[in-house]
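Undergrad:
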Amino acid sequence: MTNADFERLVDTSDEWITTRTGIKERRIAKNGMTTSDMAVKACKNAMEMAGCSHDEIEALITGTVTPDYKLPSNSCVIQEKMGLPQAVGFDIAAACTGFVSGLSIAQAFVESGKYRKILVVGVEKLSSFTNYEDRSTCVLFGDAAGAAVVEPCETGAGVISTFLRSDGNYRPLLWSEIGGCKYPYVPGEDPSGRDKILMNGSDLFKVAVREMGNAAVKVIEDAGLTSSDIALFIPHQANIRIIKAMAKRLKMDMSKVVHNIDRYGNTSSASIPLALDEANRAGRIKPGDHIVMVAFGGGLIWGSALLKW
Ligand SMILES: CC(C)(COP(=O)(O)OP(=O)(O)OC[C@H]1O[C@@H](n2cnc3c(N)ncnc32)[C@H](O)[C@@H]1OP(=O)(O)O)[C@@H](O)C(=O)NCCC(=O)NCCS
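Read left to right, the sequence shown gives residues 0 to 308 (numbering that gives the first Met the number 0).
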């Protein structure tokens, strides 16, 4: 969907969306395509790239807040579709921080020796969850999936440090009120959009700039590095102004920052693996490069990871 499509849908303009968010287009999954369908494609691509066979996967961790069903977890649905009977699958409901949370858990499993090969996927079909009458949110979101295979590597490489933090006091800044056990969806009753994404954008913006910056600094310092050691910065793609503010704080030139929000919008837990994959396929990552990923989402929950490629 382009900004022109939204001009026909709500009272907005290409000019407002571009200058306030940096978004030009987003991808919307076709009718009938589910979150698990998108995840399966991403997982297969990741396994092909990693040269990893189905029977080697021991765990599957999915970051999503838009699962196919309330029960079971999306990981179990993906597991069935991919044929991974030997693996354990479970979901993380960490909104836009889903992939970084999954990566952090996978790192702990691999380092402890519990599992050797783990699929981590960030996937969202946000279009099924977006109120297309609310101009303040509908222009922001898109659908996507991104996955990685996490496995042991040589000492001193791979996932060097991770950081996760949440603060439930911020729940009203980004949430969906109706549809859980507190306020169940009542058929025939107008939920007035409260079953979709509800957001206080300007308050969220301030917390995002502050905490994403802090999270980036934390993993860089924990690894004993400085921002000048970082070859590539991969932030969650929520708003190009947030991304630029973080780059400024880290004194990082924008040429080192991966951003594709213009083409995908905010794809929640998929945004970081999507950007990582694009940067990798474009040849922007060399062996030995230090990469910082920073995520931030509804909860609020935020976090970061520092990798040596
Ligand atoms: C959502 C966001 C783009 C809005 O930008 P903003 O500059 O904060 O804009 P505001 O919400 O203050 O609204 C400014 C005005 O634009 C209007 N507006 C909102 N959406 C609009 C749209 N799509 N088109 C035109 N005008 C719009 C508002 O109604 C408001 O009008 P008013 O001043 O007459 O009341 C921005 O706040 C943001 O990106 N927030 C952070 C999101 C985030 O961090 N997400 C991370 C977790 S996923």
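Just so you know, even glycine gets a beta-carbon here, dropped at the ideal spot from N, CA and C.
Keep in mind the model is a prediction, meaning the values are calculated, not measured.
Tell me the DSSP secondary structure of alanine 147 in three-state form.
TA: One-based indexing of the sequence shown puts residue 147 at position 148. DSSP places alanine 147 in strand when its eight states are reduced to three.
Undergrad: Check whether the segment 88–101 and the segment 56–72 touch, using three or more Cβ-Cβ pairs below 8 Å as the test.
TA: Judged by Cβ distances under 8 Å, the segment 88–101 makes contact with the segment 56–72, as three or more pairs qualify.
Undergrad: Who's in the neighbourhood of ligand 1, going by beta-carbon under 5 Å from any heavy atom, listed in chain order?
TA: Those satisfying the condition are, in chain order, Thr11, Trp15, Arg19, Thr20, Cys95, Arg134, Ser135, Val138, Gly200, Ser201, Leu203, Phe204, Ala207, Ala237, Asn238, Gly296.
Undergrad: Could you check whether leucine 224 and aspartate 288 sit closer than 8 Å to each other, using their CB atoms as the reference points?
TA: Taking the first residue of the sequence shown as position 1, residue 288 is located at position 289. Taking the first residue of the sequence shown as position 1, residue 224 is located at position 225. Contact flag unset, no.
Undergrad: What residues in its chain sit with their C-beta under 7 Å from that of alanine 304, if we drop five residues either side in the sequence?
TA: Along the sequence shown, one-based indexing puts residue 304 at 305. Val99, Leu102, Ser103, Val158, Thr161, Val218, Met292, listed in sequence order.
Undergrad: So, under 8 Å CB-CB, histidine 235 and cysteine 95 are touching, yes? Tell me the CB distance rounded to an integer number of Å.
TA: Numbered from its first residue, the sequence shown carries residue 235 at position 236. Numbered from its first residue, the sequence shown carries residue 95 at position 96. 5 Å between Cβ atoms; contact.
Undergrad: When you compare the CB positions of isoleucine 77 and lysine 116, do they come within less than 8 Å of one another, or not?
TA: Locating residue 77 in the sequence shown gives position 78, counting from the first residue. Locating residue 116 in the sequence shown gives position 117, counting from the first residue. Going by C-beta atoms, isoleucine 77 is not nearer than 8 Å to lysine 116.
Undergrad: To test your reading of the DSSP string, which unbroken beta strand (DSSP E) runs of 3 or more residues are found completely within the segment 35–72?
TA: 58–62
Undergrad: Grab the span of the alpha helix (DSSP H) containing lysine 243 for me, first residue to last.
TA: For the purposes of this step, residue 243 is taken as residue 244 along the sequence shown, with counting starting at 1. It spans 239–248 - the alpha helix (DSSP H) in which lysine 243 sits, taken as one unbroken run.
Undergrad: Can the beta-carbon of asparagine 26 be found less than 8 Å from the beta-carbon of glycine 141?
TA: Indexing the sequence shown from 1 puts residue 26 at position 27. Indexing the sequence shown from 1 puts residue 141 at position 142. The residue asked about is misnamed: residue 26 is arginine in this sequence, not asparagine. Cβ atoms of arginine 26 and glycine 141: closer than 8 Å.
Undergrad: Work out the CA separation of lysine 243 and isoleucine 22 for me, nearest whole Å.
TA: By 1-based counting over the sequence shown, the position of residue 22 is 23. By 1-based counting over the sequence shown, the position of residue 243 is 244. Distance between the alpha carbons of isoleucine 22 and lysine 243 is about 14 Å.
Undergrad: State the Cα-Cα distance for the pair alanine 246 and isoleucine 229, rounded to the nearest angstrom.
TA: Counting from one through the sequence shown, the residue named residue 246 turns up at place 247. Counting from one through the sequence shown, the residue named residue 229 turns up at place 230. Going from the Cα of alanine 246 to the Cα of isoleucine 229 covers about 12 Å.
Undergrad: Over the uninterrupted beta strand (DSSP E) stretch that includes phenylalanine 98, give me the two end residues.
TA: Here residue 98 corresponds to residue number 99 of the sequence shown, with the count starting at 1. Taken as a continuous stretch (DSSP letters only), phenylalanine 98 belongs to no beta strand (DSSP E), being part of the alpha helix (DSSP H) at 97–111.
Undergrad: Any idea if aspartate 189 is buried or exposed, counting beta-carbon neighbours within 10 angstroms, 16 or more meaning buried?
TA: Stepping through the sequence shown from its first residue, residue 189 is reached at position 190. Counting Cβ neighbours within 10 Å, aspartate 189 comes out exposed, since fewer than 16 surround it.
Undergrad: For the segment 198–230, which segments carrying the beta strand (DSSP E) assignment without a break, of at least 3 residues, lie completely within its bounds, in sequence order?
TA: Within the segment 198–230, no complete beta strand (DSSP E) run reaches 3 residues.
Undergrad: Would you mind reading off the limits of the beta strand (DSSP E) that contains serine 165?
TA: Within the sequence shown, numbered from 1, the residue matching residue 165 stands at position 166. First-last of the beta strand (DSSP E) with serine 165: 157–165.
Undergrad: Helix, strand or coil for asparagine 30? Go by DSSP, reduced to three states.
TA: Working through the sequence shown from its first residue, we reach residue 30 at position 31. Correct three-state label for asparagine 30: coil.
Undergrad: Work out the CA separation of leucine 8 and threonine 266 for me, nearest whole Å.
TA: Residue numbering aside, residue 266 sits at position 267 when the sequence shown is read from its first letter. Residue numbering aside, residue 8 sits at position 9 when the sequence shown is read from its first letter. Inter-residue distance for threonine 266 and leucine 8 is about 20 Å (C-alpha atoms, whole angstroms).
Undergrad: Take valine 256 as the anchor and find which of Val122, Leu273, Ile233 has the nearest alpha-carbon.
TA: On the sequence shown, residue 256 is found 257 positions in, with the first residue counted as 1. Among Val122, Leu273, Ile233, the Cα nearest to that of valine 256 is on Ile233.
Undergrad: Going by alpha carbons, who is nearest to threonine 136 out of Pro151, Ala105, Ala92, Asn199?
TA: Looking up residue 136 in the sequence shown gives position 137. Out of Pro151, Ala105, Ala92, Asn199, Asn199 has the C-alpha closest to the C-alpha of threonine 136.
Undergrad: May I have the straight-line CA-CA distance separating lysine 124 from serine 111, to the nearest angstrom?
TA: In the sequence shown, the residue the question calls residue 124 occupies position 125. In the sequence shown, the residue the question calls residue 111 occupies position 112. Lysine 124 and serine 111 have their C-alpha atoms some 33 Å from each other.
Undergrad: Apart from the five residues on each side of it in sequence, which residues of its chain come closer than 7 Å, Cβ to Cβ, to tryptophan 80?
TA: Within the sequence shown, numbered from 1, the residue matching residue 80 stands at position 81. The amino acid at residue 80 is misidentified as tryptophan; the sequence shows lysine. Counting only Cβ-Cβ distances below 7 Å, and skipping sequence neighbours, we find Ser35, Val39.
Undergrad: Run through the DSSP bridge pairs and tell me what serine 311 is partnered with.
TA: This structure does not reach residue 311, given that the chain is present from 0 up to 308, and the question cannot be answered.
Undergrad: Of the residues Trp308, Lys43, Gly88, Ala278, which one's Cα is nearest the Cα of serine 254?
TA: As a position in the sequence shown, residue 254 is number 255, starting the count at 1. Shortest Cα-Cα distance from serine 254 to any of Trp308, Lys43, Gly88, Ala278 involves Ala278.
Undergrad: Can you give me the Cβ contacts of histidine 53 inside the same chain, cut-off strictly under 8 Å, excluding the 5 residues immediately before and after it?
TA: By one-based count along the sequence shown, residue 53 stands at place 54. Contacts found: Met46, Met81, Gly82, Leu83.
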